[in-house]
Structure formats: C-alpha cells, structure tokens
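Participant: Residue numbers (full-length UniProt numbering): 1 to 289.
Backbone N, C-alpha and C define an ideal beta-carbon position, used for all residues, glycine too.
Being a predicted model, the structure only gives us computed values, none of them experimental.
Put into structure tokens, the structure is as follows:
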C-alpha cells in the first residue's frame, strides 16, 4: 500500500512551560523527490534493482519485493499512521503469509501424493509379475499333468487292445474242436478247479469261462456242480450212478448221510481217481459196495 509522506506537526504538550510555543515539523518533501503523483515510492531494494538495470525481474519477485516493502513500511510506519491503516497493512501481510504457507503445504501434499502414486505403481507392477509367474507355473503344472494322464491313457488303451485281441483269438480257438477238447480234459483231470484259475490258464475272461462250463453242462459234455465260492467240481457218470444206486438201496437218505457217502463215492483227488480207473475199481458196483 502506498504511504505518501505527510507534513506532521508536533505540538508541545500543554504541560510545558510555554504552551503557546509550537515546533513546526520539516516542510513537505518536494514532489519531484517523491516521484510522479499516484506512484508509490519504491523501497531500497527496488531502487537498487532499478539502478542496476535488472530487466529479468518477474511477477513473483515483484510480489516478494512488494511484500517486503509493505512489511518494512508497516514496521517503519508504526506510530506514524492511524490504527485502521496499520490494521489493514497487518491483515495484508498475514494474508500473504497464509497464502505462502498454503502454497508450501500444497506443494508438499503434491510431492507426497506423487511419491505414494509411484509406490502404488511399483506395488501393482510387482503384484502383476507375481501373478504372471504363478499363472505360468500353474500352466506348466497342468500341461505336465495332462501329459502324464495322456501317457497313462495310451498305455491303458494299448493294454486293453492287446487283451481284447488275445481274448478274441482264444475265443475263436476255443470254438475249435481241438481247444475245446483240451479245455474239457483239463477240467476232468483236475476234478476241482477254481474258475478264475481256469480262465487265467486259458487266458480267458472269468465270466466267459463260467458261461462256457454251464453250456457244456447243458449239452452233457461235462457233469458236476459249481459251488458258491467259484469252484467247479467235476463228477463222472460212474460217480453219479454210484450216488444214485446208494440212494435207491437206502431209501430215504438225509443230507448228512448223503454228504458222508459222497466223500466215499466221489473221488476229488485226481491222482487217486486215475489209480482207481487203472485198477478197475471205479465201477458203480465197486463204489457202492
């Protein structure tokens, strides 16, 4: 704010010895020394810059210079101007200081926000890299698992193909007369055979062997029984006739008596049966006697 020099008169206090005497203040400074009307007198720093021919001053320097000049004026004018004028100058200085403080706080806040934004971007980039690494690891794991499963599938498929081909070949051969005779001969000589072992011996499916034995029983080519434990007990016609003769001779026979007699009438040991067949003691009359 421009403060024009004023002619001040200092009056001597009424309590002085000569109250009528007044001291005249120095006359007003000529207008030429002050400068043109309406122009504020520049401070010492401004005059130095003007004398130095500093043409590179900008708006911020002028504001700073004006602020310093106003502050100097406030400090120099204390006691020389009215309280209202002083209050306006102080308010102006306080507002300028507040703006500067707010500007500084704003710059610091921008700096903090920029640093926080950079940290956030770094964290996001690191998180993306970790997620990409996990995704790549998961992809490799799935590919390896799919590869192993495919290899196991191919092995299993190959095994099934070989097994099916073997079964088809054996079934075709079993339908032939020579292999069918071998199949029945094996059962007759073994007497008591586990059907699963029989299937493994001829490389056939167990269910197919059971069906084949039942078909041979129906046709009369094999005689015997299949128990609940998956065994086939071959009984010769001579042994069946011996059991029938025992029942006819004894009339009503209990299951216990029949079971006891069956152990004697039916020979389950193939070696003993061959021995009896060779010695001629395998006839129904001999077994029942």
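#1: Mapping the DSSP letters down to three states, classify residue 247 as helix, strand or coil.
#2: Check this for me: beta carbons of residue 240 and residue 184, under 8 angstroms apart or not?
#3: Would you call residue 132 buried or exposed, if buried means 16 or more other Cβ atoms sit within 10 Å of its Cβ?
#4: Residue 193 and residue 155 - do their beta-carbons sit closer together than 8 angstroms?
#5: With a 10 Å radius around its C-beta and 16 neighbouring C-beta atoms as the bar for buried, classify residue 224 as buried or exposed.
#6: Do you know offhand how far residue 105's Cα is from residue 82's?
#7: Write down every uninterrupted run of the beta strand (DSSP E) in the segment 171-200 whose length is 3 residues or greater and which is fully enclosed by it, in chain order.
#8: Please list the terminal residues of the continuous alpha helix (DSSP H) segment that includes residue 210.
#9: Give the DSSP-derived three-state secondary structure of residue 203 in the structure shown.
#10: Does the distance from the CB of residue 234 to the CB of residue 188 come in under 8 angstroms?
#11: Is it buried or exposed for residue 135, if we count other Cβ within 10 angstroms and need 16 for buried?
#12: Tell me where the beta strand (DSSP E) around residue 233 begins and ends.
#13: Could you give the residue range of the beta strand (DSSP E) that holds residue 81?
#14: Taking Cβ positions, are residue 209 and residue 216 nearer each other than 8 angstroms?
#15: Exposed or buried, which one is residue 126 when buried takes at least 16 other CB atoms within 10 Å?
#16: Comparing C-alpha positions only, which one of 115, 202, 190 sits nearest to residue 180?
#17: Are there 16 or more other CB atoms within 10 angstroms of the CB of residue 238, so buried, or fewer, so exposed?
Facilitator: Taking the definition as stated:
#1: helix
#2: no
#3: Flag for residue 132 reads exposed.
#4: no
#5: buried
#6: 35 angstroms
#7: 192-194
#8: 206-219
#9: coil
#10: yes
#11: exposed
#12: 231-234
#13: No beta strand (DSSP E) contains residue 81, which DSSP labels as neither H nor E.
#14: no
#15: exposed
#16: 202
#17: That one is buried.
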